[in-house]
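Asks: Residues in the sequence shown are numbered consecutively from 626, following the working numbering.
Glycine included, C-beta positions come from ideal geometry on N, C-alpha and C.
Note that the structure is a prediction, hence the values are computed from the model and not measured.
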Amino acid sequence: MASVAVLTSGGDAPGMNAAIQAVVRVAASRDLDVVGILDGYDGLIDGTSRPLTRRIGGGVSVPVADVDSAGPLGGTILGSSRCPRFHKAEFRAKAAEHLRALDCIGLIVIGGNGSIAGAHAIANEMEIPVVGIPASIDNDIGLTREALGVDTALNTIVEACDRISDTARSHRRAFIVEVMGRDSGYLAMAAAAATAADAVLLPEVSKSFDETVDAVAECIRHSFSSERHKRRTLVIKAEGVGIPTHMLVDEVVAQLEDIDNLEVRGTVLGHLVRGGNSSFRDRLIAGRFGLTAIEALLAGRTDVMVGWNLTDTGEPTSDSFIRLFPIALVLEETQALIDGSSDVIRGRVERMESIQGVLSL
Ligand code: F6P
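(1) For D664, is the beta carbon positioned less than 8 Å from some heavy atom of the ligand F6P?
(2) Are the beta-carbon atoms belonging to V893 and V860 less than 9 Å from one another?
(3) Compare the beta carbon distance of Y666 and S634 with 9 Å and say whether it is the shorter of the two.
(4) Are the CB atoms of G704 and D664 within a distance shorter than 9 Å?
(5) If the criterion is Cβ atoms closer than 9 Å, does the pair G810 and V830 meet it?
(6) Assess, as a yes-or-no matter, whether the stretch 784-792 is touched by the stretch 833-853 under the definition of 3 or more beta carbon pairs within less than 8 Å.
(7) Check each candidate in S706, E803, F946 and name the one with the smallest Cα separation from I670.
(8) For the stretch 866-876 against the stretch 832-844, are there 3 or more C-beta pairs whose distance is under 8 Å?
(9) Closest by CA to V721, which one among I733, A748, T701, I741?
(10) Which residues bound the alpha helix (DSSP H) around V838?
(11) Could you round the C-beta distance between P1025 and R926 to whole angstroms and report it? I think they count as a contact, below 8 Å.
(12) Hey, how far is the Cα of I766 from the Cα of I801?
(13) Taking only three categories from DSSP, how would you classify K855?
(14) Could you name each continuous alpha helix (DSSP H) segment of 4 residues or more that falls completely within the stretch 859-944, going from the start of the chain to the end?
(15) From the DSSP output, in three-state form, read off A746 for me.
(16) Run through the DSSP bridge pairs and tell me what T633 is partnered with.
(17) Taking 8 Å as the cut-off, does the CB of I741 come closer than this to any heavy atom belonging to the ligand F6P?
(18) If contacts are defined as beta-carbon pairs under 8 Å, then I741 and V631 qualify, I think. What distance do you get, rounded to the angstrom?
(19) Would you grab the beta carbon distance between G939 and L768 for me? Rounded to a whole angstrom, and I think it's under 8 Å.
(20) Determine, using beta-carbon pairs with one atom in the stretch 676-692 and one in the stretch 894-902, whether at least three such pairs fall under 8 Å.
(21) Counting Cβ pairs closer than 8 Å, one from the stretch 926-935 and one from the stretch 946-955, do we hit at least three?
(22) With respect to the beta strand (DSSP E) encompassing D658, which residues constitute its N-terminal and C-terminal limits?
(23) My parser needs the alpha helix (DSSP H) runs of 4 or more residues fully inside the stretch 670-746; what are they?
(24) For the ligand F6P, I want to know if A815 counts as a neighbour, meaning its beta carbon is within less than 8 Å of at least one of the ligand's heavy atoms.
(25) Are G901 and E803 close, meaning C-beta to C-beta below 9 Å?
(26) By how many angstroms is the C-alpha of M751 removed from the C-alpha of D728?
(27) Does the distance from the CB of G672 to the CB of I702 come in under 9 Å?
(28) Is any non-hydrogen atom of the ligand F6P found closer than 8 Å to the C-beta of D763, if you look at the structure I gave you?
(29) Check whether the Cβ atoms of E920 and T942 lie closer than 9 Å to each other.
(30) Give me the DSSP bridge partner(s) of E784.
(31) Using the C-alpha atoms, what's the distance from D907 back to V874?
(32) What does the alpha-carbon distance come out to for the pair A652 and I645?
(33) Is G757 helix, strand or coil when you go by DSSP?
(34) With DSSP run on the structure shown, which of helix, strand or coil describes R976?
(35) Could you check whether the Cβ of R899 sits closer than 8 Å to any heavy atom belonging to the ligand F6P?
(36) Could you round the C-beta distance between L773 and L812 to whole angstroms and report it? I think they count as a contact, below 8 Å.
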């Protein structure tokens, strides 16, 4: 029987399990077996895997029990890893050996930009067909409007900021809330727009330490001035802005010493944002990615990623919202997203500023 392998890699993201479930269901419906590689690229190197389908009466392929119930869950039932070993050719050779021994028609890699780069290496060096599914809360993967996990993470951040805003307004306080995103300001930016934050600190807008402190202090001063008389000041700070949140809070407080009874607090949301059951949208996209990824492998495609993309770039699939892109192109656009040179970033910042008047600092 023909089979497909699947792995999840890098930082886990809500929606990864929904994607595994979709891949397995679609594959089983095409009479394929599915093997799950454990713990990302580590499992490929160490040769650890488990079946995700089984054969029942009449030889019909069906998902194993935990796959059937995994769809809503955050995290990944296959386990994940950051895998520095995969950067070394000797370990990639081991991975190739294990992958060939599985004798599958191809591998589906579900993960972030590092994982998609790994998929590119496999496709080129090992001559085994590979299709990528973008999954990372950071939303820093090129050519897909959203990666899996982004919507769930944003719902969590927005809820947390709403809660913080309740208590902030009650006491007339300023809060600096730090959100994950590595080098990408997307989560901070999108959450700032949704919560009508007063300002957002983005790694894509490079400011010096002193400029950042001055700008945040000025924003809080203005917000609590008798003119504005706000009861809450909310500043969302992306993790990628290289100033620790507690240090920023201390510096800002020192600058605003002349304001009576001013309180500035910091909250780092951290890994809280990465967990939790996946949202409706993440589950929906996961299903569509899973379907088109299996279809791509069955059509003999390799070194491509499925992306949620409504432009006419890339190649169409059976789903009008999902297109196929060569991974080399994805990695190019990913780089532009990360260094801020992509038009996509400029457009996002402009929209955020014009909708909510959020200052990007
Ligand atoms: O890439 C997802 C992410 O959550 C980033 O936002 C964050 O910088 C990083 O992973 C944290 O990684 P780890 O859980 O390995 O510390």
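Replies: Looking at the atomic coordinates:
(1) no
(2) Their beta carbons are not under 9 Å apart, which means V893 does not touch V860 by this criterion.
(3) Against a cut-off of 9 Å, the Cβ pair of S634 and Y666 comes out as a contact.
(4) yes
(5) yes
(6) no
(7) S706
(8) yes
(9) Inspection of the sequence shows that residue 721 is occupied by Ala rather than by Val. Taking only the C-alpha atoms, the option nearest A721 is A748.
(10) 834-848
(11) Residue 1025 cannot be examined here, being either before or after the span of the chain that is shown, 626 to 986.
(12) 27 Å
(13) coil
(14) 870-880, 905-923
(15) helix
(16) I735
(17) No.
(18) Not confirmed; about 14 Å, so no contact.
(19) 7 Å
(20) With the cut-off at 8 Å, the stretch 676-692 and the stretch 894-902 do not touch.
(21) yes
(22) 658-662
(23) 690-695, 714-727
(24) Flag unset: Cβ of A815 not near the ligand F6P.
(25) no
(26) 13 Å
(27) no
(28) yes
(29) yes
(30) E784 is not bridged to any residue.
(31) 34 Å
(32) 10 Å
(33) Here G757 sits in strand by DSSP.
(34) helix
(35) At least one heavy atom of the ligand F6P lies less than 8 Å from the C-beta of R899.
(36) Your pair L773 and L812 does not check out as a contact, with CB atoms roughly 14 Å apart and the cut at 8 Å.
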